[in-house]
Structures are given as structure tokens and as C-alpha cells.
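A short worksheet on the structure shown next.
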Amino acid sequence: FSWNVAPNPVIATTNAADSSIIISTCDEDKIISSSLLLQEHLDRMGATRFCEIGETKFGRGLVATKDLMPGETVLRIPLSETIIVETEQSDHQGLIDDPWAGKLAVKLLERQRRGNANKDSSKYSDALPLPPPTPTRGWSVQALQTLEDVDTLQKIEIQREWQNQQWKTFGEDFTSEDNTTPGDHQRFLDALDLVSSRTIRCGSKFMLVPLLDMANHASRDEGGGFYKIIDANGPLGTRKKEIALKVGDRGINVGDEVLLDYGDRNNDEWLLYYGFLPNRNSAESLILPDSQRTITWDDVNGEDESLKDECKVVLSLSSTTLQEDIDTLNKLKQNKKHNDDQMELALNYRTARKTLLSAVAGVKTSSGFSSAFLVI
Ligand SMILES: C[S@@+](CC[C@H](N)C(=O)[O-])C[C@H]1O[C@@H](n2cnc3c(N)ncnc32)[C@H](O)[C@@H]1O
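Mapping of the sequence shown onto mature numbering (1 follows the signal peptide of the UniProt record, and there is no 0): position 126 corresponds to residue 126, and the numbering continues sequentially without gaps.
Structure below.
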């Protein structure tokens, strides 16, 4: 089990930075109070939890309220509180015509709309944060150029097309009750971005799970947990299905952040769907532009000289060295201004890419690639 959804190649034609975000509010206090209302609502609906919403080093997250051993359950949410789309294409990921994301986005927006009449319906959507800062959401030209990779720019474009396709296919479902109003398109794209960064998958079920989806990511090695659907006792001797979040191999102490392993994916996918990059990504892979060969960390210390040479050529095409990029990134972090997030993410992406290229090429930098991963 894992956060095993590589959402479809995704993206957007409108510039999100220029348009108002409608699905969630920018007002942090409001998100916090809505989160607490959601937590209380779930308690009333029979959730079991040994964690609570809290501020963590990754922003909002879940914090343990007691010590827990590896494999213990930290959170159980009744399946009736989740938003589910069933798909037959359970073995395929990233298919451009795979409809689960658009369908989930519509369901999410419907819940929000129903909230006007029934407050419980919108408790989940009210507590959602802004969509993550993926490159399709109004990145500056400078930030996009900083990625320094034509293939990545192409993927961003494909994702944009995919998002618009989803709007064409599912937008009508969402607007059928009234006519399309200004902002509907952006509202749909926001929902799609949220869905793409928060959905978990169990077999053919794609699910938005309140509270569980507030767990931030860490790999299993770094203490990330996992989830599964379980049978639990319901009222009057009945049985009911729940989704359980289980503690990872390191166990958790009270006050620690409860983390979830979202699954292995390369930095392109983290960037495009989640809007962040893990510090260490052992699953990083990239395609060399000339030979179209894929390199991964398994290629480090290999004996294929042509592969090494090609990596050196790719590195030589950049106007900056890895060390220069690391220095720039560190400077940016030290003097961080409000709107530097895109640049930081883009530079992180670029340094991670060059770190892998240097490692496979066998090129040493002063920071040393032998640490295997770039941890800044
Ligand atoms: C499923 S949500 C996790 C909860 C989220 N922080 C919230 O407030 O609802 C996934 C999003 O959380 C953020 N996130 C999760 N894990 C992260 C990590 N290890 N580092 C930085 N951001 C992370 C990213 O914005 C990601 O798109």
C-alpha cells in the first residue's frame, strides 16, 4: 500500500497567480479553524485517532498524541466519510484518458456546493489548503527557465493540455446546475490540482480521505507510514469498512509528525503533481536527451563509459556548475523573500538533476556527490 497515485499527466491554460483561488481561502486562520471543525466532525462520525492536526516543518500536518509502535494504527476513518471514484483502469497509471482525477474534482466541487444547504458536506473542502505550487500554476518565466530542462517544460505543457481536456470532459458535469459562471474554469483546475496531490489509491478505488490526507510525505526509510482498508466493528454488531493509517518502521513518539510514504516517483512527478521535492529521492530518474537512455541511482559506479560520457556532455551544456547552483540555492534560502518559492523549487530540481548526472558520470564536485543524495 502506498500513496500510489501518479496522477495523470496533468495542467492549465489560465495563469493561476492572476486569478482568485476560489476553492480554498488564503486566510490561514480560517483554514486552521475549518481543519479543527473537520477533526471534530470526524470524531463524531466514528473516526479513531491517536494524532491531531498541527503545524510541522512541512506546514500543516498530523502530530502523534501518544507513542506508537511500528505497524500500529494511528488513524482510522470510516469509508463513508471519504470521497471515492472507482476505476477499471487500476493497473494503468498516468494514462492521459484516465478519468478518475476529473471525476474526483467534480465530486469535491459538488460537496462544496452542497455545503450551502448542509454544512457537513463542505467540512472537508473548507479545510483544504491552497493547491500546491506546481509549475502549471502561474510560474514565472524565470522560474521555468531555471528548471533548465526542455523535457520538463514539455511535460508541463502536456499537463496543461490534460487539465484542459479534463475541464472539457467534466466541466459540464460541474456546471450543469447553473450556467458556467466566471471562475468556474479556475475553480475546476484548483480542484484538479488538489485531487492530484491528495488522492490515495486502494486497488481500483481512488479516494480523498479527510484527515489522513493531511499526513505529509516521508519515504519508508525516513519513517513514512502506510495505509490499508480494514473491516471494523460497526453499531449493533454490524461490520463497517474503514481506512487505517499505520505507523512506519521507525515507530512514533508523542509529539512527532505522523508521516505517510506517498510512494516512489521521480522528481518530475513530485514537481508536477505535488509541488515539492523530497530531500532525498532514491527513485529519481531522468532520460538523457541524446540516447534517450534513463539513468537512476543504480547507475552510479557503473562501468558503461558511453553513459558516463553522455552525462558529462549534458552537464557541460549547462551555463552553471552543480556547485554554483548549490551556492545560489543556499543564498536564496538565507535571504528568502516572500515570492521566492518557485525559484527555490526550480533550483532544487536543477541541483537534484545535476547531482544524479554528476554521480553517474563519476564527476566529483566540492560538495561531493558521494553522499549519494543532495541534502541541503
Ligand atoms: C496530501 S497533502 C499533505 C498535507 C498538507 N500539508 C495539508 O496541509 O493538507 C500533500 C501536500 O503537502 C505538501 N507536502 C507533503 N509532504 C511534504 C514534504 N515532505 N515536504 C514539503 N511539502 C510536503 C505538498 O504541498 C503536497 O502537495
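No residue lacks a Cβ here, since even glycine has one placed at the ideal position from N, Cα and C.
query = Which parts of the stretch 140 to 174 are runs of the alpha helix (DSSP H), unbroken and 4 residues or longer, counting only runs that do not cross its ends?
reply = 141 to 146
inquiry  = Strictly by DSSP, which residues pair up with V71?
reply    = Note that residue 71 is Gly in the sequence shown here, rather than Val. In DSSP, G71 forms no bridge with anything.
task = Name the two residues that bound the continuous beta strand (DSSP E) containing S285.
result = S285 to I287
query = In chain order, what residues of the same chain have a beta carbon less than 7 angstroms from the beta carbon of D268, not counting five sequence neighbours either side?
reply = T152 and K155
task = Report all residues from its chain with a CB closer than 6 angstroms to the CB of H217; omit the five preceding and five following residues, and keep chain order.
result = Y262
ask   = Between the C-alpha atoms of T73 and Q145, what's the straight-line distance to the nearest angstrom?
value = 44 angstroms
request  = Let me know if V314 comes out buried or exposed under the rule of 16 or more other beta-carbons within 10 Å of its beta-carbon.
outcome  = buried
query = Using the rule of at least 16 other Cβ atoms within 10 Å of the residue's Cβ for burial, across every protein chain shown, is R239 buried or exposed?
reply = exposed
task = Taking all protein chains shown into account, decide if S358 is buried (16 or more other Cβ within 10 angstroms of its Cβ) or exposed.
result = buried
task = Could you pull out every residue in the same chain whose Cβ sits closer than 6 angstroms to the Cβ of G362, ignoring the five residues on either side in sequence?
result = K308
request  = Please confirm whether any heavy atom of ligand 1 lies closer than 7 angstroms to the CB of F174.
outcome  = no
query = Any C-beta of chain B sitting closer than 8 angstroms to the C-beta of V74?
reply = The chain labelled as chain B is not found in the depicted structure, where only one protein chain is given.
N233 - containing beta strand (DSSP E), residue span = F226 to N233
key: R60 versus S34: straight-line alpha-carbon distance, rounded   = 13 angstroms
ask   = Whole-angstrom Cβ separation of E148 and R350, contact assumed at under 8 angstroms?
value = 5 angstroms
inquiry  = Quick check: does the Cβ of D190 come within less than 7 angstroms of any heavy atom belonging to ligand 1?
reply    = no
task = Note the first and the last residue of the continuous beta strand (DSSP E) segment covering M207.
result = K205 to L208
query = If you pair each beta-carbon of the stretch 210 to 225 with each one of the stretch 233 to 251, do three or more pairs fall below 8 angstroms?
reply = yes
key: For D327, the nearest candidate out of E344, K312 and C311 (CA to CA)   = E344
key: Residue of C311, L36 and P78 minimising C-alpha distance to D290   = C311
key: Of the residues Y274, T296 and G102, the one placed nearest T173, counting alpha carbons only   = In the sequence as displayed, the identity of residue 173 is Asp instead of Thr. Ranking Y274, T296 and G102 by Cα distance to D173 puts G102 first.
Heavy atom of ligand 1 within 7 angstroms of A215 beta-carbon = yes
ask   = Residue ranges of each alpha helix (DSSP H) run of no fewer than 4 residues wholly in the stretch 252 to 326, ordered along the chain?
value = 305 to 316
query = Can you list, in chain order, the residues of its chain whose CB lies under 6 angstroms from that of I83, leaving out five sequence neighbours each side?
reply = K107 and L208
inquiry  = For V63 and S80, what's the separation of their Cα atoms in angstroms?
reply    = 24 angstroms
ask   = Quick one: does the C-beta of S197 sit closer than 7 angstroms to a heavy atom of ligand 1?
value = yes
task = Quick one: give me the first and last residue of the alpha helix (DSSP H) that L192 is part of.
result = D184 to R198
ask   = DSSP on L95, reduced to helix/strand/coil?
value = Only weak support is given to the placement of L95: the predicted model assigns it a pLDDT of 47, under 50, and the value that follows is read from those uncertain coordinates. Three-state DSSP puts L95 in coil, outside helix and strand.
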